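Numbering (the numbering used here), first residue to last: 3 to 206. Glycine included, every Cβ here is placed at the ideal spot set by N, Cα and C. Keep in mind it's a predicted model, so treat the numbers as computed, not measured. In what follows, a single structure is set out as C-alpha cells and then discussed.
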Amino acid sequence: MTLRTIAASLLTITELPYAYDALEPYISAETMHFHHDKHYAGYVTKLGELTEGTRYRGMPLEEVITCSDGAIFNNASQAWNHVFYFESLSPRAKHHPTGELRRAIDEQFGSVDELKRRMTAMATTLFGSGWVWLATDSDGKLYILSKPNAGTPLTDGLIPLLCIDVWEHAYYIDYRNARKDAVEKLWHVVDWSVIEARYDNVVI
Ligand code: MN
C-alpha cells in the first residue's frame, strides 16, 4: 500500500497551511482558532501524555493508529485526521477535479456532483460525531466511508483522499445545528488539486 505520509507527527502541533481567516466566509476565523488551537492541539497534547515512556513514541503516527486502540488510538487518529482535513482545504481551492481522479469519480459515481451529493448525505445522516471519507485502495477503486468518532480508512487498509469533519466543533459556531448547510458550504474550500495529488500518488 502506498501511503502519502502527511505532515502530522506524534508530538508536534502542525500549523495551519493558511491564515485563520483565509476560509471565510465559509469557515470563520473563530471556528479555525477553536478547531486548530483547542481541539486539534488538544489531541496532540493528550497523545503526548498517553504515549510517554511507551513503544509508540518511536513510531510514525500512521503506525500508532493502525496498532493501537482505546485512548491512544482515539487521540492519534484525531491528530492525523485533523492535519489531513486542514490540508484538504484552501482559500485558492481548485473547485473541480480533473485527470485520473476525475475519470475514476465519473466511472464509479457518474459525476462529481453525485459524489458530493452522496458524501453530503452521509455527513448529514451520520449519528453523533465522526468523519465522512473518500478513500481508495491500491487499485484506484474509490470508497465513501462513514466513520464514527475518530474513525479512519487507515484501519481498513484503505488510503484516505478526503475527509469531512462532522464533529459539532467543526461547524457549530458558524452554522449552529445546520450540519447539511455547513457541509454544502465546505465544498467551496475543498481543494481538489490536493485530493488529486493524493490519488495520483497511489495510481500513477
Ligand atoms: Mn474536528
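Assigned exposure category for residue i - 16 Cβ within 10 Å defines buried
| i | result |
| --- | --- |
| H37 | buried |
| M3 | A caution first: M3 carries a pLDDT of 38, below 50, which makes its placement in the model too unreliable to give a value. |
| I206 | exposed |
| L13 | exposed |
| R181 | buried |
| S140 | exposed |
| T53 | buried |
| L129 | With the sequence shown as reference, residue 129 is identified as Phe, and Leu is not the correct amino acid for it. Label assigned to F129: exposed. |
| P162 | buried |
| K40 | exposed |
| T56 | exposed |
| K149 | buried |
Residues near residue i by beta carbon distance below 8 Å, same chain, minus five either side
| i | result |
| --- | --- |
| H35 | Y22 |
| N83 | W133, A152, T154, C165, D167 |
| E186 | T122 |
| R120 | F111, I146 |
| P99 | I107, V114, W194, I197, E198 |
Residues near residue i in its chain [Cβ-Cβ closer than 6 Å; skip 5 each side]
| i | result |
| --- | --- |
| H190 | Y28 |
| L18 | H38, F88 |
| T33 | I175, D176 |
| Y20 | P93 |
| N76 | A152 |
Beta-carbon contacts of residue i that lie in its chain and below 7 Å, excluding the five residues immediately before and after
| i | result |
| --- | --- |
| S30 | I175, D176 |
| A137 | Y145, L147, P155, L160, I161, P162, L163 |
| A183 | In the sequence as presented, Ala is not what sits at residue 183; that position holds Asp. Cβ neighbours of D183 beyond the five flanking positions: Y177. |
| L188 | Y28, I166 |
| Y229 | This structure does not reach residue 229, given that the chain is present from 3 up to 206, and the question cannot be answered. |
Check your understanding: Under a criterion of Cβ closer than 6 Å to any non-hydrogen atom of the ligand MN, which residues qualify, in chain order?
Key -> That gives H37, H41, H84, D167, W169, H171, A172.
Point to revise | Those runs of the alpha helix (DSSP H) which lie wholly inside the stretch 80-119 and span at least 4 residues | key: Qualifying alpha helix (DSSP H) stretches, in chain order: 101-111.
Check your understanding: For the 8 Å Cβ check, are there 3 or more pairs between the stretch 62-80 and the stretch 109-120?
Key -> Pairwise C-beta distances place the stretch 62-80 out of contact with the stretch 109-120, as fewer than three of them are shorter than 8 Å.
**Study point:** Stretch-stretch touch, CB-based, cutoff 8 Å, three pairs: the stretch 96-107 with the stretch 191-206
**Key:** By the Cβ test, the stretch 96-107 is in contact with the stretch 191-206, since at least three Cβ pairs between them sit closer than 8 Å.
**Study point:** Complete beta strand (DSSP E) runs within the stretch 126-193 (minimum length 3 residues, chain order)
**Key:** Whole beta strand (DSSP E) segments, 3+ residues: 132-138, 144-150, 161-167.
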